[in-house]
Amino acid sequence: MVNPLPRAYNIRIVTAPHGEARMKLVLLGTTGYHANDRRQTACLMLPEVGVVFDAGSGFYRVSEYLQTDELAIFLSHVHLDHSQGLTYTFDLRAEAPQLGRVTAYLEPDKLAATKKHLLADLLFPVMPPLELHPLPSEFTLRDGGRLTHFPLRHPGGSVGFRVDWPGRSFAYVTDTTAHPDAAYVEKIRGVDLLVHECYFVEDCPEQAELTGHSCLNEVVKVAAKANVGRLVLVHINPLVKDDSEIDLTAAKKVFRNTEIGVDRMEIEF
């Protein structure tokens with residue numbers, strides 16, 4: 001039996017414009033660095049096509065939304081708040097025994113680092129029940145969607161993702177320093193839905209550059225410059241105790257369709 005959700009985790013469903021349901025994206029983890037009582041670390045899921053982006057601590061929720069007999073996991077990079085969930089696949093298989101192949105795709109240097117460090121005998125002595133493969137330049141989803149990736153500037157390197165279907169598109173950008181003149185802006189141009197990291201809710205450009213993360217005021221400029229349809233903020237600083245600390249009113253003056261992502265939010269686009 002699944003226990004009732006705490007009030008902070010009640011599911012929020014955001015529908016597509018005009019109420020037209022299309023693809024559903026579920027936010028399973030919306031903070032970065034470490035989890036807090038309100039948010040788990042980075043994890044997004046497209047249940048209808050069996051795709052997960054990043055495997056932070058929010059990955060333990062995947063089984064609740066699973067709709068496919070295979071699962072593909074795409075990692076932006078392997079800092080622990082994006083990769084620790086790879087070790088949770090034992091539970092995933094126990095809770096979803098019908099699940100077949102589980103494959104994680106990551107850049108070759110990150111794949112090697114994961115095997116050498118995260119899955120080292122002294123840290124995690126048993127290989128999780130999944131396959132690890134190099135991230136391909138392009139990937140076709142089971143419904144025909146085209147998934148591509150592009151480089152992002154971050155300590156150790158990171159990638160962003162874009163998925164295009166006929167009539168709709170989505171991009172996920174995390175762990176980078178947002179700027180409207182950044183090279184990745186062209187890669188996300190015109191997407192219907194942009195999910196973008198926003199670790200710093202205040203304006204602190206020096207700290208953003210130092211850590212390879214983004215300030216809210218720059219993220220909304222990126223959304224406006226890229227002419228996206230909607231912006232959802234994730235990877236929010238775990239020290240932010242309440243969303244009221246995020247000045248959404250000021251953000252919407254730059255990009256009107258800005259929303260704060262919360263754990264278990266279901267977004268139709």
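Start counting the sequence shown at 1; every next residue gets the next number (UniProt numbering). Here a beta-carbon is modelled for each residue, glycine too, at the ideal position from N, C-alpha and C.
Which residue from the options puts its Cα closest to that of residue i?
i, options, result
"Pro128", "Cys198, Ser83, Arg39 and Val254", "Ser83"
"Ala94", "Lys110, Tyr60, Ala113 and Leu106", "Tyr60"
"Gln207", "Val232, Glu138, Thr176 and Ala183", "Thr176"
"Ala55", "Tyr33, Asp37 and Asp69", "Tyr33"
"Ala251", "Ala224, Val240, Lys241 and Val262", "Ala224"
"Pro155", "Thr211, Arg146 and Phe74", "Thr211"
"Glu202", "Gly229, Val240 and His77", "Val240"
"Tyr184", "Tyr172, Pro166, Phe150 and Pro205", "Phe150"
"Val228", "Ile188, Arg101, Thr148 and Cys204", "Ile188"
"Asp91", "Gln40, Val62 and Ala104", "Val62"
"Arg101", "Ala120, Leu130, Thr114 and Lys110", "Leu130"
"Tyr65", "Arg38, Gln40, Asp143 and Leu28", "Leu28"
Have a look at residue i and residue j and give me their C-alpha separation to the nearest angstrom.
i, j, result
"Val254", "Val159", "26 Å"
"Phe170", "Cys198", "17 Å"
"Asp81", "Glu209", "19 Å"
"Leu132", "Lys116", "13 Å"
"Asp243", "Val219", "17 Å"
"Asn237", "Val195", "15 Å"
"Glu268", "Asp164", "15 Å"
"Val232", "Ala72", "23 Å"
"Phe200", "Ser214", "6 Å"
"Val125", "Leu216", "Note that residue 125 is Pro in the sequence shown here, rather than Val. Those two C-alpha atoms are separated by around 40 Å."
"Ala21", "Glu266", "Note that Ala21 has pLDDT 45, beneath the 50 cutoff, so the model's placement of it is unreliable and the number below is only indicative. Each residue's alpha carbon lies about 11 Å from the other."
"Ala96", "Leu122", "28 Å"
"Glu259", "Thr30", "12 Å"
"Ala182", "Gln98", "43 Å"
"Thr89", "Arg153", "29 Å"
"Leu44", "Lys221", "23 Å"
"Gly157", "Phe74", "15 Å"
"Glu107", "His77", "8 Å"
"Val52", "Glu245", "29 Å"
"His79", "Ala35", "14 Å"
"Ala112", "Pro47", "28 Å"
"Lys24", "Leu118", "31 Å"
"Pro205", "Asp247", "17 Å"
Following the continuous alpha helix (DSSP H) through residue i, name the residue where it begins and the one where it ends.
i, result
"Ala104", "Segment Val102 to Leu106 is the beta strand (DSSP E) holding Ala104; no alpha helix (DSSP H) there."
"Thr89", "Thr89 to Glu95"
"Glu64", "Val62 to Tyr65"
"Val254", "Leu248 to Val254"
Using the beta-carbon count (16 or more within 10 Å), is residue i buried or exposed?
i, result
"His179", "buried"
"residue 274", "As displayed, the chain neither begins before 1 nor continues past 269, which places residue 274 out of reach and without an answer."
"Gly190", "exposed"
"Thr174", "buried"
"Thr249", "exposed"
"Leu135", "buried"
"Arg256", "exposed"
"Ser137", "exposed"
"Asp192", "buried"
"Thr140", "exposed"
"Gly50", "buried"
"Asp69", "exposed"
"Gly145", "buried"
"Asp263", "buried"
"Leu86", "buried"
"Gly58", "buried"
"Gly167", "exposed"
"Gly261", "buried"
May I ask which residues mark the beginning and end of the beta strand (DSSP E) holding residue i?
i, result
"Arg168", "Arg168 to Val173"
"Leu194", "Leu193 to Glu197"
"Glu259", "Thr258 to Ile260"
"Ala72", "Leu71 to Phe74"
"Lys24", "Lys24 to Gly29"
"Thr46", "One detail in the question is off: residue 46 reads as Leu in this sequence, not Thr. Its beta strand (DSSP E) spans residues Cys43 to Leu46."
"Ile267", "Glu266 to Glu268"
Legend entry - Uninterrupted alpha helix (DSSP H) stretches inside the stretch 201-243 (no shorter than 4 residues): 205-211 and 216-226
Inset, instruction - Please go through the stretch 134-159 and give each complete beta strand (DSSP E) segment of 3 or more residues, from N-terminal end onward. - result: 138-140 and 146-152
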